[in-house]
Amino acid sequence: MDTLVQALVNGLALGAQYALLALGFSLVFGVLGVINFAHGGFYLLGGYFTYSLMTSIGLPYVPALIVGVAGVAVVGYLMELVLIEPIVDNHEGTLIISLGFFLILSAVVTVAYGPEAVPAEFPVSHVLRFEGLYIPVARLIVIAVSAGAVVALWLLLFRSRHGVALRALSENREVATMQGLRPRVYFPLAVALSAALAGLAGGMVTPIFTLEPPVAEAALMTSFIVVVLGGLGSLAGAAAAALGVGMMEAIGGTYLDGSMTRLLLFSAVLTLLLFRPAGLAGRSLRDA
Amino acid sequence: MPELTKTRDHAAAPDAPRAERPRRRISIAEGAVVLALVLLLILPLPADNLQMISQLNQVVTVLASALSVYVMMRLKLLHFGVPAFMAVGGYSAALTAVHVTDNVVALVGVSLVVPALAAVPFGLITMRLRGTYFALVTFLIGQVVYLAIVASDGLGGTDGITGIPAPTLGGTLLGDGVATLRIGLAVSLLAVVLVVVFTMVNGRRLDALRSNEVLAGSLGLRSWPVRLAAFVLSGALAGMSGFLIVNTLTTAHPSSFSTLTGVNYVAYVVVGGAASVLGPFVGTVLLVFLVVQFASEGVYAGALLGGLLIFTSLFLQKGLTGTVHDLTAWVVRRATGRSGSARPRDDSRKDQT
Amino acid sequence: MTITSSDITTDVPLRISGLTKSFGGVRAVKDVSLTLRTGQVLGVIGPNGAGKTSLVNAISGREKPTSGSVVLDGRDVTGKPPYYLSKRGLTRSYQHANVFAEETVAENIARAGEFAGARTVDVDSFIRSTGLDAVWETRAGALPYGQQKILGLVMTLHTGPSVVLLDEPAAGLELSERPRIDQLVTECAEGGCAVLIVEHDMDLIRRLCPTILVMDSGAVLAEGPTDEILARTDVLEAYLGTSETSGAPSVHDKGVTHD
């Protein structure tokens, strides 16, 4: 029972960070129609910027995280403006460009910090111990902050003028443009927002686990599987799938082998696609 | 136009009798590739220049993988799952060589057939997926197969299968560097021929689906048989490449087939071009050569590849071969003073990546 | 597969019953029923957003209907994909010019012929009368917009349909070009084809369609002889507020349906 509770807490923590990743990824796909292969790179940068600010100018963790996330947002903004925008309607081309950008990001990070993991540490290492349970406070903080970010995102998208604009562009770009919404303004912002979410996840989580270049690919793969499961284009689906995947991985990781869990999960999702190509909650693909 | 003299039979002009089923002839570009491979195969190679043999081999082992990507690119689909089918082919060949026979024809056959069969269920999954969503899911397919291989003890897990015997033909052992290269050339030639025949027979359907799938459908073309056939061929091609890699290393190891390597094969076609097999050929030769230059500093190779992908996508959307072709056509038009409008049978492909 | 025996033997190649298409909360097509007889030319009119293009999409398989049925030659084909319907004789043309842009006119027509297979009919007379023979070797994408639409129409007819749905065939054509459509439609209908024309050009509707169906907000508002229907006040009211000039070219954006 205790193990199960711990697994659930771990699952929530995993699910929460996956939600940040997947929501950002889904947002960019929804608003721009672009599949952003550099998304894992934003996660990575979140970790490295935070670490860097802490070690080079001695910022405490929280300010470092905030500034780091802002930095990642800027990178995302510039990437869209300079590289994506020129051919934003070419879906294959923008995918390749984002892939190229990811390769460059990985190379830069590896050259700057080396291919080995850097000793990034989460500042809070307390552990809650009661009734035989062993719950690191760090995980609880990750859950809380991620939940807060998701709520903030929801408020932005559904309760603010800019959010309405983003959703309008996502649903029907032509009509939205005719009504005066300018994609050129909102597209870079959407990518910046998505980068910030990924960067936040990266900045929070990598000090708990590990911060090294291969982490980017794992984050990207997670974004893919969550978004495909939840349905491309559905934010609610992405969030739900993220929690589900987090839970499954945590529980699977406790009782089974880690990579076996991933294998089962990926196989299950691919089988699902056979019957529901649009994922659990995705938009119909016939006229995608 | 100097480079591509593909004469496309088309419906006869209204005064002439109705055209019969059109056949396409092989273009100069594709013929050149076949010729190059044939020449390399039959001409004597400097056996003492080990470095050159090795570098040529490096190109030749992955050419079929680039062709695997190319076949799907003819449908404007990005296939990132090629390493998965390379692994299926490579491991199948490895197991066959260790347990059944080391006859090279059998090994090539196995590496062709098993991935083709494996491609069918995955093809059924991806058949209904559009555009970039397809790309994403093929990435996942690559990951699934990789995880499955690493998880299975029968395939050696993270150690792979080592000590694979060299292939034989008749009584001859084909174990040295030159023999390995010749096997590679022969297999690549087979791969090129398969692709050229496939695209000749299905060219009109491939082009129609790539150019305007909605219109093709409403005119009566079923997209899924073409896509499935292309995906199966793609799997077979990748499998052959997998065999060549395993044969060169005498080991079937998961790291040869990691998901991220799929990016390389896509890059070969994006940079080279996807109008004919010349594109993947040029892309593979160029990029493998570049990577070899950076062998000591692998991390810069990644950055260079990334930069090339960005540059090509922004400025050379038809890849190197497509851009050169367009430039040459433009020069010829200017030189012969022909006007630019109403260009006859423009067979350049505008909507490649 | 429900086959109504009367449909096979008679002259009702297309029977639509209670067709409904919803997108999320929006019902673009509400419970629409209609029949087409062999050789009939039916006009479908209505203000923008009335659901006319959605109706065509739902019948032709571009969209899957939410409910209702489409019966073609006595066979239930509801929700089947476009290629399936095309092979059985139901094709549609597009509101926005839809051709294979990088290929010549000749190659475009050849493709239509090849993909339609055995159903293909000779369209040489159309090619000549519409002037497409003069641009036979021209890249379709380089043609003027109106000619691209005509090419699309000829390709559609080349597939030898028994039922053809034309979505605003005149949109984007100069007024002087529009009578070219007349010949195409008339010959097609005389050859036994059933034609459904969605249009805003009332002159064209009057010339070609003895009967029309009026849609408004997704539902059928009225149906009957053209002159009679066009004189009705409720029909005119449905149109008030739309300043649709029949000569204006539409926005070139493939794939966007604005109904």
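So the protein sequences, as listed, match chains Z, H and U.
Remember, my numbering sits 139 above the position in the first sequence when you count from 1.
Just so it is clear: in the second sequence, position 170 is 166 by my numbering, and no numbers are missing.
Just so it is clear: in the third sequence, position 204 is 191 by my numbering, and no numbers are missing.
Glycine is no exception: its CB is placed at the ideal position from the N, C-alpha and C atoms.
From a predicted model like this one, the values you see are computed outputs, not experimental measurements.
Shortest Cα-Cα distance from Gly253 of chain Z to any of H:Arg330, H:Tyr296 and H:Val328 involves H:Tyr296. Per DSSP, Met69 of chain H is one residue of the alpha helix (DSSP H) stretching across Leu46 to Met69.
In this structure, DSSP gives Leu198 of chain Z a state outside helix and strand, which the three-state scheme calls coil. Inclusion of Ala381 of chain Z and Ala158 of chain Z in the CB contact set at 8 Å is warranted, their separation being smaller than that value.
The C-alpha of Arg2 of chain U is placed about 13 Å away from the C-alpha of Ala45 of chain U. Distance from the CA atom of Arg278 of chain Z to the CA atom of Ala340 of chain Z, rounded to whole angstroms, is 12 Å. Taking 8 Å as the cut-off, the Cβ atoms of Gly77 of chain H and Ile121 of chain H do not count as close.
Here Arg24 of chain U is exposed. Its C-beta has fewer than 16 other C-beta atoms within 10 Å.
Between Met202 of chain U and Leu195 of chain U, the CB-CB gap reaches or exceeds 8 Å. DSSP places Ser254 of chain H outside both helix and strand once states are collapsed to three, so it counts as coil.
In the structure shown, Asn44 of chain U falls within a helical segment according to DSSP collapsed to helix, strand and coil. Of the residues assessed, Ile347 of chain Z falls on the buried side of the cut-off, its CB having 16 or more other CB atoms within 10 angstroms. For Ile174 of chain Z, no beta strand (DSSP E) run applies, since DSSP gives it neither H nor E. When the alpha-carbon of Gly76 of chain U is set against those of U:Thr220, U:His145 and U:Asp221, the nearest one is in U:His145. In the three-state reduction of the DSSP assignment, Phe307 of chain H falls in the helix class. If you look at Gly119 of chain H, you'll find it in the alpha helix (DSSP H) that goes Val100 to Thr122.
Against chain U, the CB of Leu37 of chain H has no partner CB under 8 Å away; the residue lies outside that interface.
Restricting attention to H:Ile160, H:Gln139, H:Ala114 and H:Thr257, the CA atom closest to the CA of Val242 of chain H is found in H:Ile160. One finds nothing in chain Z with a Cβ atom closer than 8 Å to the Cβ of Tyr66 of chain H; even the nearest lies about 14 Å away. Residue environment for Met317 of chain Z: exposed (fewer than 16 other C-beta atoms within 10 angstroms of its C-beta). Counted as a single uninterrupted DSSP element, the stretch harbouring Glu174 of chain U is not any beta strand (DSSP E) but the alpha helix (DSSP H) occupying residues Pro166 to Glu177. Arg323 of chain Z sits exposed, since fewer than 16 C-beta atoms from the chains shown fall within 10 Å of its C-beta. Interface annotation, Arg401 of chain Z: in contact with chain H, CB-CB separation under 8 Å.
When C-alpha distances from Ala157 of chain U are compared across U:Leu21, U:Val222, U:Pro148 and U:Gln135, the shortest belongs to U:Gln135. Of the candidates Z:Asn149, Z:Tyr182, Z:Leu192 and Z:His230, Z:Tyr182 places its Cα closest to the Cα of Gly215 of chain Z.
Unbroken beta strand (DSSP E) runs of no fewer than 3 residues, entirely contained in the stretch 247 to 323 of chain Z, are found at 266 to 269 and 272 to 275, following chain order. Phe241 of chain Z places its beta carbon 8 Å or farther from that of Gly186 of chain Z. For Ile38 of chain H, the uninterrupted alpha helix (DSSP H) run begins and ends at Ile24 to Ile38, by DSSP. Comparing alpha carbon positions, the residue from Z:Phe188, Z:Thr393 and Z:Gly239 closest to Val262 of chain H is Z:Gly239. Taken through DSSP and simplified to helix, strand or coil, Ile160 of chain H comes out as coil. Using beta-carbon distances, Val133 of chain H counts as an interface residue toward chain Z, with a partner under 8 Å. Among the CB atoms of chain Z, none fall inside 8 Å of the CB of Arg218 of chain H.
With 16 or more other CB atoms across the displayed protein chains lying within 10 angstroms of its CB, Val173 of chain Z is buried. Three or more beta-carbon pairs separated by less than 8 Å link the stretch 190 to 209 of chain H to the stretch 80 to 97 of chain U, which places the two stretches in contact.
Boundaries for Phe348 of chain Z: no alpha helix (DSSP H) harbours it, and the DSSP string shows neither H nor E there.
One thing to note: Gly147 of chain U has its Cβ no nearer than 8 Å to the Cβ of Val92 of chain U.
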